[in-house]
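Q: Before I ask anything, here is the structure I am working with.
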Amino acid sequence: GLPSELARRRPDIVEAEAKLHAATAQTGVAVASFYPDISLVGDFGMQGLRFADAFNLPARAADIGPNIDLPIFQGGRLTAQLTLRKSQQREAAIAYQKTVLTAWREVDDALTAYAQAQKQRTDDARVVDESAKALAAAQAQFREGQVDYLNVVSARAGVLSSQSTLAQDDATIATDLVSLYRALGGGWQDVVGPTPVAPG
Numbered sequence: 007g008l009p010s011e012l013a014r015r016r017p018d019i020v021e022a023e024a025k026l027h028a029a030t031a032q033t034g035v036a037v038a039s040f041y042p043d044i045s046l047v048g049d050f051g052m053q054g055l056r057f058a059d060a061f062n063l064p065a066r067a068a069d070i071g072p073n074i075d076l077p078i079f080q081g082g083r084l085t086a087q088l089t090l091r092k093s094q095q096r097e098a099a100i101a102y103q104k105t106v107l108t109a110w111r112e113v114d115d116a117l118t119a120y121a122q123a124q125k126q127r128t129d130d131a132r133v134v135d136e137s138a139k140a141l142a143a144a145q146a147q148f149r150e151g152q153v154d155y156l157n158v159v160s161a162r163a164g165v166l167s168s169q170s171t172l173a174q175d176d177a178t179i180a181t182d183l184v185s186l187y188r189a190l191g192g193g194w195q196d197v198v199g200p201t202p203v204a205p206g
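In the working numbering, the protein residues as written are 7 to 206.
Set out below in structure tokens:
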């Protein structure tokens, strides 16, 4: 769907999400630093006096035990570090939310502008057709002597004006389409521009 596609395509969302993941991971590391570090160390040796006794249980000696590192003397530093990491995580989360909201606003604005431009073009294309019909009627009336040539000139000017407006609509749609591509992150194949309508 569009939400997941948008998240994958918008570089700013991808970057903000990566920063949020990194900040979250750093917070986890800071929390883990409060726990003791426990490792197992050992030494195994022989205390047999004779070779024949080397494999008897009393002759074997083992010194195995845990090595525990308690961060009790680093509490202040670790607390400050954890506070910093949590603050960075909150900032990253806020930045991510802001980025997503901005992206959605840009998409909504671009879609609205594109739809309005398409509707305007449809309306203006209808005007082109009506102007062309008016010109044809004026030419027919002029040939029959019902009107003077000034009516034909006026009708032709109306056709040219409506065609100019339609060309401006096409330019606006092209610009809005580029904005829509940019808002969606680019790479979309299902958005098709308008097909020019020739005057009838």
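A virtual CB, placed ideally from N, CA and C, is assigned to each residue, including glycine. Fair warning: this is a prediction, and the values are worked out from it, not measured in the lab.
Look at the alpha carbon of residue 36 and the alpha carbon of residue 100, and state the distance between them as a whole number of angstroms.
A: 20 Å
Q: Please name the residue in 98, 18 and 16 whose C-alpha comes closest to that of residue 31.
A: Of 98, 18 and 16, the smallest CA-CA separation from residue 31 is found for 98.
Q: Using C-beta distances below 6 Å, list every residue in its chain close to residue 91, excluding the 5 sequence neighbours before and after it, in chain order.
A: 32, 33 and 36
Q: Using the three-state DSSP reduction, which class does residue 35 fall into: helix, strand or coil?
A: helix
Q: Which same chain residues, not among the five before or five after residue 178, have their C-beta less than 7 Å away from its C-beta?
A: 123
Q: Between residue 25 and residue 131, what straight-line distance do the alpha-carbon atoms span, to the nearest angstrom?
A: 49 Å
Q: Can you look up residue 150 in the DSSP assignment and give me helix, strand or coil?
A: It is coil, neither helix nor strand.
Q: Here's the rule: buried if 16 or more other CB atoms are within 10 angstroms of the residue's CB, otherwise exposed. What is residue 105?
A: buried
Q: In three-state terms, what does DSSP make of residue 96?
A: helix
Q: Hey, is the stretch 108 to 127 in contact with the stretch 162 to 175, meaning 3+ C-beta pairs nearer than 8 Å?
A: The stretch 108 to 127 vs the stretch 162 to 175: in contact.
Q: With distances taken from CA atoms, which of 188, 129, 191 and 182 is nearest residue 169?
A: 129
Q: Between residue 137 and residue 181, what straight-line distance do the alpha-carbon atoms span, to the nearest angstrom?
A: 27 Å
Q: Using a threshold of 8 Å, state whether the C-beta atoms of residue 192 and residue 15 are closer than that.
A: Contact flag set, yes.
Q: Got a sec, what are the start and stop residues for the alpha helix (DSSP H) residue 164 sits in?
A: Where residue 164 is concerned, the enclosing alpha helix (DSSP H) stretches over 155 to 190.
Q: Compute the beta-carbon to beta-carbon distance between residue 144 and residue 158, rounded to the nearest angstrom, for a pair I have assumed lies under 8 Å.
A: 5 Å
Q: For residue 17, which residues in the same chain have their Cβ closer than 8 Å to its Cβ, ignoring the five residues on either side in sequence?
A: Same-chain partners within the cutoff: 191.
Q: Under a three-way DSSP split, which group does residue 16 fall into?
A: Looking at residue 16 - three-state DSSP - the assignment turns out to be coil, as it is neither helix nor strand.
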